[in-house]
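**Q**
Protein chains: 2
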Amino acid sequence: MFQPRPIGSVSSPYKQSSEVPKGLGAKHEAAGVLRILPEFEAGLTDIEGFSHLIVLWEFDRSQGFDLLGTPPSDNRPHGVFATRSPRRPNPIGLTVVELLRREGADLHVRGVDMLDATTILDIKPYLSSIPSENLRRGWLAEAEKRKGNS
Amino acid sequence: MFQPRPIGSVSSPYKQSSEVPKGLGAKHEAAGVLRILPEFEAGLTDIEGFSHLIVLWEFDRSQGFDLLGTPPSDNRPHGVFATRSPRRPNPIGLTVVELLRREGADLHVRGVDMLDATTILDIKPYLSSIPSENLRRGWLAEAEKRKGNS
Chain A
1 MFQPRPIGSV
11 SSPYKQSSEV
21 PKGLGAKHEA
31 AGVLRILPEF
41 EAGLTDIEGF
51 SHLIVLWEFD
61 RSQGFDLLGT
71 PPSDNRPHGV
81 FATRSPRRPN
91 PIGLTVVELL
101 RREGADLHVR
111 GVDMLDATTI
121 LDIKPYLSSI
131 PSENLRRGWL
141 AEAEKRKGNS
Chain B
1001 MFQPRPIGSV
1011 SSPYKQSSEV
1021 PKGLGAKHEA
1031 AGVLRILPEF
1041 EAGLTDIEGF
1051 SHLIVLWEFD
1061 RSQGFDLLGT
1071 PPSDNRPHGV
1081 FATRSPRRPN
1091 PIGLTVVELL
1101 RREGADLHVR
1111 GVDMLDATTI
1121 LDIKPYLSSI
1131 PSENLRRGWL
1141 AEAEKRKGNS
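Okay, structure coming up:
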């Protein structure tokens, strides 16, 4: 298999995991910067045209994985592949951010939920959405309903 | 950095890259199966509740990367991070699929664009969408417009 390499790192207001908004209704509005390494700057050509980007990054402060875990948004355990838990067989995180502006190799974005200095693996343009009326959200929708009823 | 490990592989109708629909207006409606390794099956618990999944996988038949490349949907070059090119610094692909049903460790899905036997790295629930009216799609929208005008 390939050997991952950093393409840059995140400048984020969050220094510790406990500071990142989590659980039901958590909003990710924090501004941050995706600092791409100079040798990859040419790979950003034309990225300014996209309003939203998909960022893949390493859960670099997480060790090991659990196949079942109880997420902050529920009090019941779920399979790791049905959650966004950091404790995954491959510790790859995914965040959709809004691109505010580019300054050279720095992408100023809104919506970071990564810790400061997180290693970035890849950036892809966000091209299309599943209409929300077509989405089913499983245990998360059920947890929201239970919370609303309590 | 972490060392990637397979969590399963894709069963896809596409044996070669040339068979995968590409370019403007390409539709990904192909049915396929995400065959998860038995040791990770417990990680699928409760995944049935989600209509759509994000699949991360390895571009395992791609070697090396280009910072600039001309995608099938345009005749102009763009930065690799503004495209879905397989020739990326970290060869990680991302596909959103519709989950049709689960049979044990096999997820039957619609919307595969991976080659047969592609290595799966991760599966995450698709939780929310950016409303399409809020999306700007850069060079891709321009390429579509030029095509419509020609």
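If you're matching them up, the sequences are chains A and B in order. Counting in the working numbering, the first sequence runs from 1 upward without gaps. Counting in the working numbering, the second sequence runs from 1001 upward without gaps. We put the CB at the ideal spot given by N, CA and C, even for glycine. Here the structure is a predicted model, which is why all the values come from computation and not from measurement.
(1) Excluding the five sequence neighbours on either side, which residues of its own chain have a C-beta within less than 7 Å of the C-beta of A/R153, listed in chain order?
(2) Does the beta carbon of A/S129 come closer than 8 Å to any beta carbon on chain B?
(3) Return the residues of the stretch 1025 to 1055 of chain B that lie within a Cβ-Cβ distance of less than 9 Å from chain C, sorted by chain order.
(4) If you follow the beta strand (DSSP E) that A/K124 is in, where does it begin and where does it stop?
(5) For the stretch 1076 to 1084 of chain B against the stretch 1132 to 1148 of chain B, do three or more pairs of beta-carbon atoms, one drawn from each stretch, fall closer than 8 Å, so that the two count as touching?
(6) Going straight from the alpha carbon of A/I152 to that of B/L1056, what length do you get?
(7) Any contact between the stretch 1114 to 1131 of chain B and the stretch 1064 to 1072 of chain B? By contact I mean 3 or more CB pairs, one from each, below 8 Å.
(8) Thinking just about the alpha-carbon of each residue, which of B/L1115, B/G1043, B/R1110 is nearest to the one in A/T70?
(9) Alpha carbon to alpha carbon, how far is B/K1145 from A/Q16? Give it in angstroms, no decimals.
(10) How many whole angstroms separate the CB atoms of A/E58 and A/L115, which I take to be in contact at a CB cut-off of 8 Å?
(11) Looking at chain B, which residues of the stretch 108 to 137 of chain A have a Cβ within less than 9 Å of any of its Cβ atoms?
(12) A/N90 versus chain B: which residues are under 8 Å apart at the beta carbon?
(13) In whole angstroms, what is the alpha-carbon distance linking B/R1061 and A/T118?
(14) Answer yes or no: do A/N90 and B/S1051 have a C-beta to C-beta separation smaller than 8 Å?
(15) In chain order, what are the residue ranges of uninterrupted alpha helix (DSSP H) at least 4 long that sit wholly in the stretch 12 to 85 of chain A?
(16) Buried or exposed: which applies to A/G32, given that a residue is buried once 16 or more other Cβ atoms fall within 10 Å of its Cβ?
(17) What are the residues that DSSP puts in a beta bridge with B/D1106?
(18) Using a cut-off of 7 Å between C-beta atoms, extract the partners of A/R102 located in chain B.
(19) Compute the minimum distance between the beta carbon of A/P86 and the heavy atoms of the ligand SAH, and state whether it is under 7 Å.
(20) Quick check on A/G8: does DSSP put it in helix, strand or coil?
(21) Using a C-beta cutoff of 8 Å, does B/R1087 count as contacting chain A?
(22) Let me know the secondary structure DSSP gives B/G1138 once reduced to three states.
(23) Roughly how many whole angstroms lie between the Cα atoms of B/Q1025 and A/F40?
(24) Based on the DSSP secondary-structure assignment, which residues constitute the bridge partners of B/I1092?
**A** Reading it off the structure:
(1) With chain A covering only 1 through 150, there is no way to say anything about residue 153 of chain A.
(2) yes
(3) Structure shown: chain C not included; protein chains present are A and B.
(4) 119 to 125
(5) They touch, by the three-pair rule.
(6) No information on residue 152 of chain A is available, as it lies outside the stretch 1 to 150 that chain A covers here.
(7) no
(8) Here the closest residue by C-alpha is B/G1043.
(9) 45 Å
(10) So it is not a contact: roughly 11 Å between Cβ atoms.
(11) T119, L121, D122, I123, K124, P125, Y126, L127, S128, S129, I130, P131, S132, N134, L135, R136, R137
(12) F1002, P1004, R1005, I1007, L1056, L1121, D1122
(13) 28 Å
(14) no
(15) none
(16) buried
(17) Under DSSP, B/D1106 shares a beta bridge with B/R1035, B/E1103.
(18) Contact of A/R102 with chain B by beta-carbon distance below 7 Å is absent, the smallest such distance being about 11 Å.
(19) Among the components of this structure there are no ligands whatsoever, and the ligand SAH is therefore not found.
(20) strand
(21) no
(22) B/G1138: helix per DSSP, three-state reduction.
(23) The amino acid occupying residue 1025 of chain B in the given sequence is Gly; Gln does not appear at that position. Spanning the two alpha carbons is a distance of roughly 29 Å.
(24) B/E1058
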